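I have placed the structure first, in the form of structure tokens, so that the comments after it can refer back to it.
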Amino acid sequence: MPLILAGCTAISVLSTDLITPSIPDLPEAFGTSISLAQMTVGVNLAAYALAQLVHGPVADAIGRRMLLVLAFVVFAGFSVFCALAPNIETLLAGRFLQGLASSVPSVVIILIIRELYDPQKALKVMALYGATLGVAPAAGPLIGGYLHVWFGWSAGFWLIAALALGVGLLVWLVVPESLAQRRPFRPGASVSAYGALLKSPGYMGAALGVSLMFGAFYAYITTAPVVFIEIMGLPTERYGLTHLAIIAAFILGNILASRASANRDACALLRLAALGMVMAMVVLVVPIAVGLLSIPLVLGAMALYGICLALVLAAGPLVVLNAAGDAPQGPASALLGSLQLSAAALAGALSAHFYDHTALPMTLVMAGLVATGSVLVWRSCAGAVSRAARVSGPAD
């Protein structure tokens with residue numbers, strides 16, 4: 000079953016950037032501008048982020064399994080809608096609607112894992128979830144590129160539709176309902192729940208910290224093609240191969256998280272990952288700041304970052320949901336997902352805005368986000384330890 004849950008996440012995330020290699024050819028296909036073609040990613044991410052805030056309370060009301068199955072059916076339908084789009088306006092509408100449905104797994108899978116497994120097993124399964132969440136955005140452009148060359152821009156949407164139906168069927172047949180007690184869907188109560196979470200220092204510290212460390216990856220994704228191809232002269236057809244180093248790093252991080260789950264709790268693993276990320280940023284920023292830019296340097300630093308990001312994505316959601324305390328878990332998971340995507344959008348925008356035909360702005364944006372996120376998660380974990388000590392009381 001963990002593989003099915005990971006597959007749900009992979010298809011959801013893969014759909015966001017599978018189309019990116021086709022973007023340069025969309026203006027010719029639809030007779031439109033490159034700026035409108037680029038919006039096919041932005042509108043999807045916007046819907047993905049906003050819809051999660053609704054999916055959380057709905058998951059508490061109708062159950063995790065039912066919402067997940069319905070989402071994959073709708074997701075497949077809107078993917079077909081995109082594949083058949085006759086013009087760019089229809090494609091943009093389809094991408095927005097696709098994002099509304101594809102964001103459900105990002106909310107529900109974390110809840111299912113936390114509710115079905117004990118803490119140690121949950122951390123091990125979350126390691127697989129985290130690796131999937133990291134590998135999918137890196138693999139998307141690689142897979143999408145070959146699909147575009149062989150079959151055209153719509154091929155990715157047909158693939159996603161087929162995968163969504165297949166995984167939805169597996170969820171229906173294999174995954175049990177994990178929610179013990181349902182909560183009626185009341186918009187007012189949902190708003191109150193989000194308000195309470197936003198006012199919770201423990202929850203927001205952990206959620207923002209994890210989101211910023213995750214968002215730094217999108218500063219890299221946004222600017223790395225220009226850095227490798229235009230600045231370092233890497234041939235365009237070989238750029239996709241650079242993602243293999245990051246994919247390998249995520250897989251290694253997944254293995255480490257699985258093994259560490261036996262003797263480390265989620266907070267300890269998260270703090271260790273934060274330290275490793277800071278080290279990766281030092282390795283990346285200092286040489287580039289003095290003019291020592293090279294492909295092995297960037298890939299080596301990003302490999303270390305990727306290992307640590309896999310650990311963050313495994314332990315982080317568990318730490319965040321624990322910090323939510325007695326708050327409804329659906330909204331807590333949904334708000335985390337929305338914050339992660341918001342941080343990713345912010346990171347990409349900052350990296351693009353400050354780009355000056357060097358690699359330094361990208362690395363500084365990444366380092367700033369990682370440093371801030373690391374401080375937040377360390378403080379949050381320290382607060383969790385302090386609260387646990389007060390609850391347990393002095394030893395006899």
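In case it helps, numbering that gives the first Met the number 0 puts the sequence shown at residues 0 to 395.
The beta carbon of each residue, even a glycine, is placed where N, CA and C say it ideally should be.
All figures in this text were calculated on a predicted structure; none of them were measured in a lab.
For residue i, three-class secondary structure by DSSP
{"i": "residue 0", "result": "coil"}
{"i": "residue 178", "result": "coil"}
{"i": "residue 231", "result": "coil"}
{"i": "residue 327", "result": "coil"}
{"i": "residue 43", "result": "helix"}
{"i": "residue 356", "result": "coil"}
{"i": "residue 145", "result": "helix"}
{"i": "residue 400", "result": "This structure leaves residue 400 out entirely; the chain is present only between 0 and 395."}
{"i": "residue 62", "result": "coil"}
{"i": "residue 293", "result": "coil"}
{"i": "residue 18", "result": "coil"}
{"i": "residue 152", "result": "coil"}
{"i": "residue 264", "result": "coil"}
{"i": "residue 10", "result": "helix"}
{"i": "residue 379", "result": "helix"}
{"i": "residue 240", "result": "coil"}
{"i": "residue 390", "result": "Note that residue 390 scores 47 on pLDDT, short of 50, meaning its location in the model is unreliable and no value can be drawn from it."}
{"i": "residue 216", "result": "helix"}
{"i": "residue 337", "result": "helix"}
{"i": "residue 183", "result": "coil"}
{"i": "residue 210", "result": "helix"}
{"i": "residue 199", "result": "coil"}
{"i": "residue 5", "result": "helix"}
{"i": "residue 395", "result": "Since pLDDT at residue 395 reaches only 44, below the 50 mark, its modelled position is unreliable, and no value is offered."}
Contact check, residue i vs residue j, beta carbons under 8 Å
{"i": "residue 17", "j": "residue 151", "result": "no"}
{"i": "residue 313", "j": "residue 163", "result": "no"}
{"i": "residue 218", "j": "residue 346", "result": "yes"}
{"i": "residue 50", "j": "residue 102", "result": "yes"}
{"i": "residue 124", "j": "residue 55", "result": "no"}
{"i": "residue 276", "j": "residue 231", "result": "no"}
{"i": "residue 175", "j": "residue 64", "result": "yes"}
{"i": "residue 58", "j": "residue 110", "result": "yes"}
{"i": "residue 338", "j": "residue 265", "result": "no"}
{"i": "residue 48", "j": "residue 340", "result": "yes"}
{"i": "residue 169", "j": "residue 62", "result": "no"}
{"i": "residue 8", "j": "residue 108", "result": "yes"}
{"i": "residue 286", "j": "residue 189", "result": "no"}
{"i": "residue 273", "j": "residue 373", "result": "yes"}
{"i": "residue 323", "j": "residue 181", "result": "no"}
{"i": "residue 474", "j": "residue 144", "result": "Past the boundaries of the shown model lies residue 474; the chain is included only from 0 to 395, so the question cannot be answered."}
{"i": "residue 202", "j": "residue 319", "result": "yes"}
{"i": "residue 52", "j": "residue 334", "result": "yes"}
{"i": "residue 140", "j": "residue 239", "result": "yes"}
{"i": "residue 0", "j": "residue 173", "result": "yes"}
{"i": "residue 342", "j": "residue 194", "result": "no"}
{"i": "residue 344", "j": "residue 44", "result": "yes"}
{"i": "residue 306", "j": "residue 269", "result": "no"}
{"i": "residue 89", "j": "residue 5", "result": "no"}
{"i": "residue 362", "j": "residue 284", "result": "yes"}
{"i": "residue 225", "j": "residue 354", "result": "yes"}
beta-carbon residue i near the ligand MG non-hydrogen atom, thresh 7 Å
{"i": "residue 255", "result": "For the ligand MG, the structure offers nothing, since it holds no ligand at all."}
Legend entry - Segment contact flag, the region 89-103 with the region 35-45, C-beta cutoff 8 Å, min 3 pairs: yes
Legend entry - Any 3 or more C-beta pairs closer than 8 Å across the region 285-302 and the region 238-246: yes
Legend entry - contact_flag[the region 196-212, the region 367-384] where n(CB pairs < 8 Å) is 3 or more: yes
Legend entry - At least three beta-carbon pairs within less than 8 Å, the region 157-172 to the region 74-89: yes
Inset, instruction - Output the residue ranges of the alpha helix (DSSP H) runs that lie fully inside the region 70-133 and measure 4 residues or longer, sorted by chain position. - result: 87-101 and 103-115
Inset, instruction - Flag this pair as touching only if the region 164-184 and the region 64-74 have three or more C-beta atom pairs under 8 Å; answer yes or no. - result: yes
Inset, instruction - Mind the definition here: the region 185-202 touches the region 356-364 only if three or more C-beta pairs lie below 8 Å; say whether that holds. - result: no
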